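According to mature numbering (1 follows the signal peptide of the UniProt record, and there is no 0), the residues represented by the sequence shown are -26 to -1, 1 to 644, in order. We put the CB at the ideal spot given by N, CA and C, even for glycine. Fair warning: this is a prediction, and the values are worked out from it, not measured in the lab. A short write-up of the structure that comes next.
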Amino acid sequence: MLPPVQIIMRILQGLALASLLLPVTAQSCTNYGTPDSSGCLCPPGFGGSNCSQPGCGGTIFDGSSRSLAPPSSASGGFPNLTSSGCSCSNGWTGIGCNVCTSSSACQTAYSAVNGNASATAAQVSGINDTMVCNTMPTVWAAGELSCQVNNPTLEAIYPLQSTLNILRTYNASLSPLHNTSGTTLSPNGSSIVYAQLFYAGVEQFSCTASPCTQSLANTTDTWTCSNLQCDCIANTTFCGGSSSANLAGALDLLTGTLTIVCDTTNTCHFQQQVLNTLFGSSGLAMENCVFGECVTQAVIDSANGTTSSSQSGGSQPLGGGVIAGLAVVCGLIAIGVAAVVWGWVLQRSARKRPFDGDQSGGVAVRWSDVSYFVRPSGASVFSRRSNVTETTILDGVSGHVPAGELMAILGPSGAGKTTLVELIAGKAKSGVFTGSITFPPLANGQRPRVAFVPQTDILPAVLTVREALTFAASLRLPESLSSEKKAALVSAVISRLGLDDVAETKIGATDGTGRGISGGEARRVSIGLELVGCPDVLVCDEPTSGLDSVSAWRVVNVLKEVARGGGGLFGVVKGDGSGRGVAVICSVHQPSSRLYHSFDSVLLLSHGRALYSGPGGLAPAKYFTNIRDAAIAQADDSGVPPYEEGYNVADYLLEIASAAPTREQPKIGV
């Protein structure tokens, strides 16, 4: 039997030949819109000439007249729902404002566009034509849902908010949306699912599957759909726009049967064979789901009056929109084939592009006058008219780490260590940041790859150590790098981290509640997930926290080898074992003397201020001793305790930082 990758390639080659026999329409519609004489008929919530722009405010009944989110230069030219000032009207929620929350919102929105026209195309038994908002998982005609995707594996690579919108159409002719201008629910008249994933307000990829069946249980609603296909939006964060990972190749594997299971606890699961393998038998979990379907009470009454046997969405008479959709089926097939072939061409082109991972490292980091403030809990963003005391986390901190050095950021709890390393790593923060953090540009003009290892291990429990690192390498490294070199890099990382004995062991629960690898091994796996991406700069938050002295020493020793030249890791991609120095920055709470002397330089923080930044070893102790001696010579009290020979320098520095005075919090206002 051929490997899955070869099977997929042969299918794509067959589709490429088939595309020569099919006509291709001139109009190309994204998000699975349907071409028509005026442009595209789009799924509810989308518009524009090619259905690429999500709705901005308004309601799903506005159709082609709905306001759309404009392209945003801050989001790479893509529409951004969070930065475009889009807000939902009363009675509507979810990203894109497509989910109803009240019956009055449905009736008001429908009447504003259609007046007293009938809300359904099919004749439904029953006399109650009142519009209602169904907020349960069950779908009667066509229902919207919006969920947050909180998956630890994805959040480790994409830390901002991911949201999945899903439109489930059971019978388009029974939905009041069937005659909305510029909108299509089901081009071929069958039950169908549309899904779009938004990351930080920007659509990343879309999926569709049809036909579908709906089965109901006591507390769950299950949709099972055939012919799943997904399309990546090129150059978005998930699909090539970020140096961290490119999921375009992985999304090509999402085919076959799709299962969506939702329950009354506002939780859904997006299940498919590949997703179940990566994230467990439950698939991709979605939380905080909201459901909303505008439908007439007559449709619900009619459905409840039938027997409990399985119903088909296509058993109702075909509406005008369904008949029109049948006329363009051939065109839709041609567009789908052309899209697959074009994706195959782009994939081949990506495999030919050279990879500069062998040039990783050689990048210095400099931060100047970095300050960070946060408002007190409960303070309004509109409270600038009155004086508001802001909490200062960092106050004018500066520092520099050249390539090839290992820096320790020391300080007591609350000194601002984690905040500083997160800012250096480019993590999203909710407070106010001032100052500058700069990296010299690479030779190719791109931004250096900065890897961040958080204090908490976020690892897939069902994968082995090797599988987790291989999965991370597949996401982070380009397709131009052969599978053999990726596997060699993973093996080198495993060996360098001292994980050979547990390479084939499942990670398991790292909180001590289940069997798996130890805490120290889990910490090294977290570092390995970043190392397989061949970073130019490595930032770690408390890498030795919770570890015994031996495990902590092993972790720091690995980091020192990475700083000195990747420990021979990054040279694996070109086969000569060479590598350039990497700037490694670690926040450390209270290192032992042995660990402390492993660091090349030290930054000491106290109450958000830098007390010392320079060489490590005994240099900080000599620096503060000179300050103390100068103060004594002038009969002044420096507040610096004496350094005793043989005393742990790290403990001495923490003693100084803990005794340093606090600062007065600034007030802002008009």
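Subject >> Boundaries of the beta strand (DSSP E) in which phenylalanine 426 is found, first to last residue >> reply: Indexing the sequence shown from 1 puts residue 426 at position 452. Following the DSSP letters along the chain, one finds phenylalanine 426 inside the beta strand (DSSP E) bounded by residues 424 to 427.
**OP:** Run the CB neighbour count on lysine 403, radius 10 Å, all protein chains shown included, and call it buried at 16 or more, exposed below.
**Re:** For the purposes of this step, residue 403 is taken as residue 429 along the sequence shown, with counting starting at 1. Lysine 403 is exposed by the Cβ-count criterion.
Original post:
Got a sec, what are the start and stop residues for the beta strand (DSSP E) isoleucine 481 sits in?
Top reply: As a working mapping, residue 481 is identified with position 507 in the sequence shown. Taken as a continuous stretch (DSSP letters only), isoleucine 481 belongs to no beta strand (DSSP E), as it is neither H nor E.
**OP:** Provide the residue(s) that pair with alanine 169 in DSSP beta bridges, ordered along the chain.
**Re:** Reading the sequence shown from its first residue, position 195 is the one you call residue 169. Per DSSP, Ile140 and Cys181.
Subject >> For valine 371, the first and last residue of its enclosing beta strand (DSSP E) >> reply: Residue numbering aside, residue 371 sits at position 397 when the sequence shown is read from its first letter. First-last of the beta strand (DSSP E) with valine 371: 365 to 375.
Original post:
In whole angstroms, what separates the C-alpha of aspartate 343 from that of alanine 377?
Top reply: Counting from 1 along the sequence shown, the entry for residue 343 is found at position 369. Counting from 1 along the sequence shown, the entry for residue 377 is found at position 403. Straight-line Cα distance between these residues: approximately 21 Å.
**OP:** Check whether the region 66 to 86 touches the region 198 to 210, taking contact to mean three or more Cβ pairs, one atom from each stretch, closer than 8 Å.
**Re:** The answer is no - the region 198 to 210 does not touch the region 66 to 86, with fewer than three Cβ pairs under 8 Å.
Subject >> Chain-order list of residues whose beta-carbon lies under 8 Å from that of residue 650 (same chain, five-residue window excluded) >> reply: Here the chain covers residues -26 to 644 and nothing more, so residue 650 does not appear.
Subject >> Inter-residue Cα distance where the pair is arginine 554 and valine 530 >> reply: Taking the sequence shown and counting its residues from 1, one reaches residue 554 at position 580. Taking the sequence shown and counting its residues from 1, one reaches residue 530 at position 556. Cα to Cα, arginine 554 sits roughly 18 Å from valine 530.
Subject >> asparagine 124 classed as buried or exposed, judged by whether at least 16 other C-beta atoms fall within 10 angstroms >> reply: In the sequence shown, residue 124 corresponds to position 150, counting from 1. By the Cβ-count criterion, asparagine 124 is exposed, with fewer than 16 other Cβ atoms from all chains shown falling within 10 Å of its own Cβ.
Subject >> Touching by the beta-carbon criterion (3+ pairs, under 8 Å), the region 417 to 434 and the region 588 to 599 >> reply: The region 417 to 434, when compared against the region 588 to 599, does not touch it at the 8 Å Cβ threshold.
Original post:
What's the gap between the Cα of valine 113 and the Cα of aspartate 10?
Top reply: Sequence index remark: in the sequence shown, residue 113 carries index 139 (1-based). Sequence index remark: in the sequence shown, residue 10 carries index 36 (1-based). Each residue's alpha carbon lies about 28 Å from the other.
Subject >> CA-to-CA distance, glutamine 564 to leucine 628, given in whole angstroms >> reply: Position 654 of the sequence shown, counted from the start, is the residue given in the question as residue 628. Position 590 of the sequence shown, counted from the start, is the residue given in the question as residue 564. The straight-line gap from Cα to Cα measures roughly 8 Å.
**OP:** Please report the Cβ distance between aspartate 515 and valine 395, rounded to the nearest whole angstrom; I am assuming they are in contact, meaning their Cβ atoms lie under 8 Å.
**Re:** The count along the sequence shown starts at 1 and reaches residue 515 at position 541. The count along the sequence shown starts at 1 and reaches residue 395 at position 421. So it is a contact: roughly 5 Å between Cβ atoms.
Original post:
Does the beta-carbon of glutamate 177 have 16 or more other beta-carbons within 10 angstroms, so that it is buried, or is it exposed?
Top reply: For the purposes of this step, residue 177 is identified with residue 203 of the sequence shown, where counting begins at 1. Buried is the call here.
**OP:** State the CB to CB distance for the pair leucine 503 and leucine 443, rounded to an integer number of angstroms; the pair is presumed to be in contact (CB under 8 Å).
**Re:** To locate residue 503, count along the sequence shown from 1; it is residue 529. To locate residue 443, count along the sequence shown from 1; it is residue 469. The C-beta separation of leucine 503 from leucine 443 comes to about 7 Å, placing the pair in contact by the 8 Å criterion.
Original post:
Opposite glutamine 245 in the DSSP bridges: which residues?
Top reply: Here residue 245 corresponds to residue number 271 of the sequence shown, with the count starting at 1. Bridge partners of glutamine 245: Thr233.
Original post:
Taking just the CA atoms, how far does phenylalanine 179 sit from phenylalanine 212?
Top reply: Start at 1 with the first residue of the sequence shown, and residue 212 comes out as number 238. Start at 1 with the first residue of the sequence shown, and residue 179 comes out as number 205. Looking at the two C-alpha atoms, the distance is approximately 8 Å.
Original post:
What residues match up with methionine 381 in a beta bridge as DSSP calls it?
Top reply: Your numbering for residue 381 matches position 407 in the sequence shown. In the DSSP assignment, methionine 381 forms a beta bridge with Ile559 and Ser575.
Original post:
Which one of Ser57, Ala183, Glu364 and Gly388 has the shortest CA to CA distance from phenylalanine 407?
Top reply: Here residue 407 corresponds to residue number 433 of the sequence shown, with the count starting at 1. Shortest Cα-Cα distance from phenylalanine 407 to any of Ser57, Ala183, Glu364 and Gly388 involves Glu364.
Original post:
Apart from the five residues on each side of it in sequence, which residues of its chain come closer than 8 Å, Cβ to Cβ, to isoleucine 630?
Top reply: Position 656 of the sequence shown, counted from the start, is the residue given in the question as residue 630. These residues qualify, in order along the chain: Leu578, Ser580, Leu585, Phe598, Val614 and Pro615.
Original post:
Between the C-alpha atoms of arginine 40 and leucine 380, what's the straight-line distance to the nearest angstrom?
Top reply: By 1-based counting over the sequence shown, the position of residue 40 is 66. By 1-based counting over the sequence shown, the position of residue 380 is 406. Using only the alpha carbons, I get a separation of about 54 Å.
Original post:
For threonine 137, does the count of other Cβ atoms within 10 angstroms reach 16, so buried, or fall short, so exposed?
Top reply: Here residue 137 is taken as the residue at index 163 of the sequence shown, counted from 1. Burial call: buried.
**OP:** Check each candidate in Phe426, Ala461, Ala634 and Ser469 and name the one with the smallest Cα separation from tyrosine 132.
**Re:** Position 158 of the sequence shown, counted from the start, is the residue given in the question as residue 132. Considering only alpha carbons, the answer is Phe426.
Subject >> Cβ shell of proline 126 (< 6 Å), same chain only, five flanking positions each side left out >> reply: Translated into the one-based positions of the sequence shown, residue 126 becomes position 152. So the list reads Ile432, once near-sequence residues are dropped.
Subject >> Inter-residue Cα distance where the pair is valine -3 and glutamine 188 >> reply: Sequence index remark: in the sequence shown, residue -3 carries index 24 (1-based). Sequence index remark: in the sequence shown, residue 188 carries index 214 (1-based). Reliability of the predicted coordinates at valine -3 is poor, the pLDDT of 36 falling under 50, and no value is obtained from them.
Original post:
Any Cβ of chain D within less than 8 Å of the Cβ of tyrosine 84?
Top reply: The structure shown has no chain D; it contains just one protein chain.
**OP:** Report yes or no: do the region 299 to 312 and the region 366 to 376 share at least 3 C-beta pairs separated by less than 8 Å?
**Re:** Too few Cβ pairs lie closer than 8 Å, so no.
Original post:
In terms of residues, what are the limits of the alpha helix (DSSP H) holding aspartate 603?
Top reply: Translated into positions along the sequence shown, residue 603 becomes position 629. Per DSSP, the unbroken alpha helix (DSSP H) holding aspartate 603 starts and ends at 593 to 607.
**OP:** Could you tell me which residues DSSP puts in a beta bridge with threonine 8?
**Re:** Taking the first residue of the sequence shown as position 1, residue 8 is located at position 34. BP columns for threonine 8 point to Leu15.
Subject >> Rounded separation between phenylalanine 573 and valine 339 - CA only >> reply: The count along the sequence shown starts at 1 and reaches residue 573 at position 599. The count along the sequence shown starts at 1 and reaches residue 339 at position 365. Roughly 16 Å separates the two Cα atoms.
Subject >> Cut-off 7 Å between Cβ atoms - residues of its own chain near proline 422, not counting five sequence neighbours on either side >> reply: Numbered from 1 along the sequence shown, position 448 holds the residue referred to as residue 422. Once the five neighbours on either side are set aside, the close Cβ partners of proline 422 are Val337, Phe413, Leu416, Asp510 and Val511.
Original post:
Out of Thr238, Leu232 and Asn262, which has the shortest C-alpha to C-alpha gap to alanine 249?
Top reply: If you number the sequence shown from 1, residue 249 lands on position 275. The question names alanine, but residue 249 is leucine in the sequence shown. Of Thr238, Leu232 and Asn262, the residue nearest in Cα terms is Leu232.
Original post:
Applying the criterion that 16 or more other CB atoms from any shown protein chain within 10 Å of the CB defines a buried residue, is proline 18 buried or exposed?
Top reply: In the sequence shown, the residue the question calls residue 18 occupies position 44. Here proline 18 is buried, its C-beta having at least 16 other C-beta atoms within 10 Å.
Subject >> Per-residue burial, valine 476 [other beta carbons within 10 Å of its own, 16 or more giving buried] >> reply: The residue given as residue 476 occupies position 502 in the sequence shown. Flag for valine 476 reads buried.
Subject >> Within 8 Å, strictly: CB atoms of tryptophan 341 and isoleucine 274 >> reply: Here residue 341 corresponds to residue number 367 of the sequence shown, with the count starting at 1. Here residue 274 corresponds to residue number 300 of the sequence shown, with the count starting at 1. Taking a C-beta distance under 8 Å as the contact criterion, tryptophan 341 and isoleucine 274 do not qualify as a contact pair.
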